[in-house]
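In my numbering, the protein residues as written are 2 to 288. Glycine included, each C-beta is placed from N, C-alpha and C at the ideal position. Since this is a predicted model, take the numbers as computed values, not measurements. Scroll down for the structure; my scribbles are underneath it.
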């Protein structure tokens with residue numbers, strides 16, 4: 002089960018919280034609540050990469066944590082059944098009205114949005130739901146809106162033989178497809194996608210359109226996380242419906258599970274839009 006809920010918060014005391022400095026704070030709050038559940042049940046949850054807490058930003062990257070009425074939005078993503086159970090049993094009951102401290106700022110939880118009718122980024126899906134959604138789609142490009150800073154990493158070998166991560170700060174189609182394919186297979190091994198199909202898709206996926214794509218740096222734990230925000234439309238250089246379906250499945254999955262590095266801290270949050278005006282042929286021509 003992939004579940005995302007949005008907490009509606011109102012600032013009660015302290016200065017407005019700068020969204021750019023909130024990633025570690027929101028992650029710490031969620032991790033603390035999950036640790037309480039582990040202590041109460043004696044059960045052990047999976048790694049923190051299966052849960053994330055993202056401050057909600059608008060597509061232009063402006064903070065809404067201190068927006069009109071000093072209200073905030075906090076999106077929580079839970080990517081397996083144990084985490085969903087922890088949410089239902091330990092965190093959600095009684096949370097409305099609770100005070101949440103993020104740094105020097107105190108917020109009150111006003112409500113929980115748990116489905117798209119309450120908030121467009123609140124929803125619940127199973128892997129089969131994601132597959133079925135992609136099967137019903139036409140062969141048209143899809144546009145990803147990267148809301149919080151997103152980046153990838155290549156491993157490089159330094160002259161002294163050490164390995165290091167080299168940041169990838171562009172939404173390269175090959176990198177995006179390979180990353181999402183690996184993450185899908187890690188989360189759902191019983192529904193694993195064939196490596197051959199992922200490799201082929203990675204090399205027939207192309208960027209159709211780019212809007213307001215830019216690089217931003219976010220303060221994080223004494224340093225900075227650098228990533229890109231903006232939107233990118235992806236299409237498939239093939240008339241084969243199977244390629245389009247697999248691309249749609251991976252991109253939809255990415256909006257639920259996060260894309261790129263440090264998703265547990267709320268980075269790599271994206272939303273999906275249709276791009277009906279751009280159509281690719283099998284020659285790669287745009288019409």
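- Between residue 262 and residue 154, the C-beta gap is smaller than 8 Å, which places the two residues in contact.
- The way I'd put it, the segment 20-31 doesn't touch the segment 118-128; fewer than three beta-carbon pairs between them come closer than 8 Å.
- In terms of CA proximity to residue 13, 109 leads the group 189, 43, 109, 239.
- Annotation for residue 56: no alpha helix (DSSP H) segment contains it, though the beta strand (DSSP E) segment containing it runs 52-56.
- Its Cα nearest to that of residue 239, the residue 202 stands out among 202, 250, 163.
- For residue 231, DSSP records a beta bridge to 147.
- In the DSSP assignment, residue 112 falls outside any alpha helix (DSSP H) and lies within the beta strand (DSSP E) extending over 106-114.
- Contact check between the segment 227-244 and the segment 163-170: three or more CB pairs, one atom from each, fall below 8 Å, which counts as touching.
- Across the structure, residue 79 and residue 35 are spaced so that their CA atoms are roughly 11 Å apart.
- CA-to-CA, the gap between residue 99 and residue 195 works out to about 45 Å.
- Under DSSP, residue 79 shares a beta bridge with 4, 52.
- In this structure, the beta-carbon distance from residue 218 to residue 236 does not fall below 8 Å.
- Taking 8 Å as the cut-off, the Cβ atoms of residue 273 and residue 181 do not count as close.
- Around the beta-carbon of residue 256, 16 or more other beta-carbon atoms lie within 10 Å, marking it buried.
- Closest by C-alpha distance to residue 245, out of 77, 136, 120, 102, is 136.
- Under the three-state reduction of DSSP output, residue 96 falls in the coil class, being neither helix nor strand.
- Spatial neighbours of residue 204 in its own chain (CB-CB distance under 8 Å, excluding positions within 5 residues in sequence) are listed in chain order as 175.
- Contact between residue 138 and residue 234 is ruled out by a C-beta separation of about 14 Å, above the 8 Å threshold.
- Taking residue 189 as the centre and dropping the five residues before and after it, the same chain places the C-beta of 128 closer than 7 Å to its C-beta, in chain order.
- Around residue 192, the same chain offers 128 as residues with beta carbons nearer than 7 Å, after the five sequence neighbours per side are excluded.
- Judged by their CB atoms, residue 84 and residue 46 are nearer to each other than the 8 Å cut-off.
- Separation of residue 73 and residue 54 (C-alpha to C-alpha, rounded to the nearest whole angstrom) is 13 Å.
- Short of 7 Å from the beta carbon of residue 212, and not among the five residues preceding or following it, lie these beta carbons of its own chain, in chain order: 231, 232.
- DSSP places residue 126 inside the beta strand (DSSP E), whose first and last residues are 124-126.
- Note that the C-beta distance between residue 254 and residue 24 is not below 8 Å.
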